[in-house]
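When the sequence shown is numbered by the numbering used here, its final residue is 232 and no position is left out of the sequence of numbers. Every residue, glycine too, gets a C-beta built ideally from N, C-alpha and C.
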Amino acid sequence: MESLVIVKNDQPVTTSLDVAKTFGKEHKNIVRDVRNLILESSKVSSVDISMFLEDRYTVKNNSRSYPMYYMNKDGFTLLVMGFNGRKATQFKLQYIAQFNRMADEIKNRNQVSLPRTYAEALHQLVEKVDENEKLKAQLTQPDFEKEVLKQSKPINVLYTTEEVAEYCGLTSARLLNKELNKKRIIYFQKGLWHLYFPYQGRGYKDMSSRRNSQMWTDKGREFIKENVKE
Numbered sequence: 003m004e005s006l007v008i009v010k011n012d013q014p015v016t017t018s019l020d021v022a023k024t025f026g027k028e029h030k031n032i033v034r035d036v037r038n039l040i041l042e043s044s045k046v047s048s049v050d051i052s053m054f055l056e057d058r059y060t061v062k063n064n065s066r067s068y069p070m071y072y073m074n075k076d077g078f079t080l081l082v083m084g085f086n087g088r089k090a091t092q093f094k095l096q097y098i099a100q101f102n103r104m105a106d107e108i109k110n111r112n113q114v115s116l117p118r119t120y121a122e123a124l125h126q127l128v129e130k131v132d133e134n135e136k137l138k139a140q141l142t143q144p145d146f147e148k149e150v151l152k153q154s155k156p157i158n159v160l161y162t163t164e165e166v167a168e169y170c171g172l173t174s175a176r177l178l179n180k181e182l183n184k185k186r187i188i189y190f191q192k193g194l195w196h197l198y199f200p201y202q203g204r205g206y207k208d209m210s211s212r213r214n215s216q217m218w219t220d221k222g223r224e225f226i227k228e229n230v231k232e
């Protein structure tokens, strides 16, 4: 079976076009079903409606564009729940296997190699010193100092929503969350704020330790400031 799961916004997704082709359905009917699911899901506060993302596609030799949807694993599972038959079941299982495999690949790719022992940390430090010595031999003193400063910048600096709110000139995290929700950047579910699908996997929130972390990265802080200004 060809690869039907791709990476978008750093998470595994498939498309309504591929689903229609694989399961032998008319694409317009798949689009209709997805829109019905979005409508029904929006009435249930505990459902993540960002599992679907609308886009457009064009057909060769045709200047018109048509609607299509990207969907993550949850969206796909919800959509094909009613597809019956032996072949349909096989396709579902193959899709899910591809979703899981792609998710593992993304996770492994994004993992940072952190030292687990003092010896490993010391070894990494020695390697960094060696790199800097080689760099120094290649660059002029001013260029070398700039490069070292660039490498020495703190990484993985995280900010609370309260800190981001203050940075954006707002008086509280509650006001910031309200503003981001109004712009459909985040939504509230099960006591936590989550990014809508188009903004997931872009490095805006902390994904290193906890799936539901409420901490923002420096990139996320700047992204929020730009959007709050609009």
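Where residue 190 is concerned, the enclosing beta strand (DSSP E) starts and stops at 188-191.
Note: residue 14 is bridge-paired with 9 in the DSSP secondary-structure output.
Within the same chain, 93 come within 6 Å of residue 24 by CB-CB distance, once the 5 residues on both sides are set aside. As a beta-bridge residue in DSSP terms, residue 197 pairs with 188. Within the DSSP bridge table, the entry for residue 70 names 57 as partners. In the structure shown, residue 172 adopts coil according to DSSP, grouped into three states. Contact check for residue 9 and residue 70: beta-carbon distance about 17 Å, past the 8 Å limit, so the pair fails to qualify. Checking the DSSP bridge columns, you'll see residue 207 partnered with 218. Within a 10 Å sphere around the beta-carbon of residue 207 sit 16 or more other beta-carbons, which makes this residue buried. Using a Cβ distance threshold of 7 Å, residue 12 and residue 193 do not count as a contacting pair. Residue 84 counts as exposed, since fewer than 16 other C-beta atoms from the protein chains shown sit within 10 angstroms of its C-beta.
For a cut-off of 8 Å, the C-beta gap from residue 162 to residue 217 is around 6 Å, short enough to register as a contact.
Following the DSSP letters along the chain, one finds residue 87 in no alpha helix (DSSP H), marked with neither H nor E.
About 6 Å separates the Cβ atoms of residue 226 and residue 166, confirming a contact at the 8 Å cut-off.
By the Cβ-count criterion, residue 18 is buried, with 16 or more other Cβ atoms from all chains shown falling within 10 Å of its own Cβ.
By the neighbour-count criterion, in which a residue is buried when 16 or more other Cβ atoms sit within 10 angstroms of its Cβ, residue 86 is exposed.
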